[in-house]
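Before any comments, here is the structure.
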Amino acid sequence: MALIDDTQIDNAALCMSEATAGDYFALLKPRVMSLVVFTAFVGLVAAPVAINPLLAVIAILSIAIGAGASGALNMWYDADIDKVMTRTASRPIPAGRVRPGEALTFGLILSALSVMTLGVLVNWLSAGLLAFTIFFYAVIYTIWLKRWTPQNIVIGGAAGAFPPVIGWAAVTGSVSFESVVLFLIIFLWTPPHFWALALFKAQDYARVGVPMMPNVAGEASTKRQIFVYALLLAPVAVLPTFLGYAGVAYGIVAALLGIGFVWYSWAVLRMPESDRAMKPAKALFGYSLLYLFVIFAAYLADSVFERVLVLSGS
C-alpha cells in the first residue's frame, strides 16, 4: 500500500484554514445575536403562560444558534463586499482566517441544528418561525434584497423583528397581537437605525455597489424618511400600554424614549449636506441602539412585575 508522502501532507495543510474558535464565534455576529437573544427572551417572558425553565433555556439557545447561523451565512455570501468595506474588512472571511466553504458549512449545520432542536424539544410553530427567519435573512435579504433595492433594510428588517414572536410562540404555541406589536417596534426601528449608519458610511456602500438609501435616493430624501419612521415608531412603542399589555410606567418610558428618538431624527433632518462629520447621524445611530435595549428592558421589567403581582395575589 502506498504511503502518503510529505508533499501530500503539505498540500492538505494548505487546504485547511487557520481559524480559531474565536473566528468561528465572530462568524455568529455576537453583537447582533445578543440583541436577538434579548428581544426573544422578552417575548418569552411576556407570554401569559408559564414555561418549564429547561425548555425556556433550550428555546433561547436555539434562537441564539439560529441567529448566529444567519450571521455566518450572511458573512459567507457577503465576503466579496466585506473585503472592500472598512467596517467589515477585518471579519474572518475577508481577513483570510476562515474559508468561505467552511463558513457556509458552519452556517448550514447550525441552521439545521437550531431548528430541529427547537421543533423536537419545544414546539414546531416556533421552529417554523425560526426557520423562516433564517431563510428570510440569509436568502431574501442577503442574497436578493441587499444588492437590488434601497428598500433592502425596510423589507429585510422583518428578519430582525421576528425573535420576540419566536420567543412568544415557544411558550404559547401561538402568535398573538401582543407579540406582533413587539415585532412592529423592531420593524419600524430598523430603517432609521441603519439609514443613520448608511449616512456616514455612504462611501463604503458606494464602493461595493450596495444600493443603500443615501446612495440611491440622496442624503436629503434619506433624512426625511428617517424622520417619518421616527414619527411612526414613537406612538407604536407606546401601544402596549394603550392596549392593556403593559403598565403606565412602561408607557411613560416608551413615550420619553420616543420623544428622544424624534428629537435625534429631527437633528438629522436639519443636518446640512455640507456637514461631513455627520455628528447628528452618528448620535442617532448610537441613541437607536440604546433606545431598543431600554424599550425592551422596560417591557421585560413590566412583565416580570405583573407576574409577581399575580403570584403574590394568589
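According to full-length UniProt numbering, numbering within the sequence shown proceeds without interruption in unit steps and concludes at 314. Beta carbons: idealized from backbone N, C-alpha and C, even for Gly.
Counting only runs that start and end inside the region 6 to 85, the alpha helix (DSSP H) elements of at least 4 residues fall at 6 to 14, 21 to 27, 30 to 46, 53 to 77 and 79 to 82. About 12 Å separates the beta carbons of L110 and W76, which is beyond the 8 Å limit, so they are not a contact pair. Per the coordinates, the alpha-carbon of T222 lies some 11 Å from the alpha-carbon of Q151.
Below 8 Å, too few C-beta pairs join the region 242 to 249 and the region 201 to 221 to call them touching: fewer than three. The way I'd put it, the region 150 to 166 does touch the region 117 to 133; three or more beta-carbon pairs between them come closer than 8 Å.
G66 and P92 have their C-alpha atoms roughly 19 Å apart. Only residues of its own chain outside the window of five on either side were considered, and among them I185, L188, W189, P192, G258 and F261 have a CB closer than 8 Å to the CB of L233, listed in chain order. Closest by C-alpha distance to L256, out of E273, R276, Y287 and V268, is Y287. Here S70 is buried, its C-beta having at least 16 other C-beta atoms within 10 Å.
From the listed residues T172, G173 and W168, the smallest Cα separation to S179 is found for W168. The continuous alpha helix (DSSP H) containing N215 extends over residues M213 to V216. Excluding residues up to 5 positions away in sequence, N123 and L125 lie with their Cβ nearer than 7 Å to the Cβ of G173 in the same chain. DSSP places V228 in the uninterrupted alpha helix (DSSP H) bounded by E219 to F242. In the three-state reduction of the DSSP assignment, M271 falls in the coil class. Boundaries of the alpha helix (DSSP H) harbouring V115: P100 to L121, taken from the DSSP string.
Annotation for W148: no alpha helix (DSSP H) segment contains it, and DSSP assigns it neither H nor E.
Taking every protein chain shown into account, the CB of A198 has 16 or more other CB atoms within 10 angstroms, so this residue is buried.
With a 10 Å radius around the Cβ and a threshold of 16 neighbouring Cβ atoms, P280 comes out buried. Looking at the backbone, the Cα of G68 and that of Y24 are separated by about 10 Å. Only residues of its own chain outside the window of five on either side were considered, and among them S62, I65, G66, A69 and L130 have a CB closer than 7 Å to the CB of S114, listed in chain order. Around the beta carbon of L290, fewer than 16 other beta carbons sit within 10 angstroms, so the residue counts as exposed. Relative to A237, the option among V49, M212 and A297 whose CA is nearest is A297. When DSSP states are grouped into helix, strand and coil, F162 belongs to the coil group. Looking at W266, A95 and L35, the one whose alpha-carbon comes closest to that of L292 is L35.
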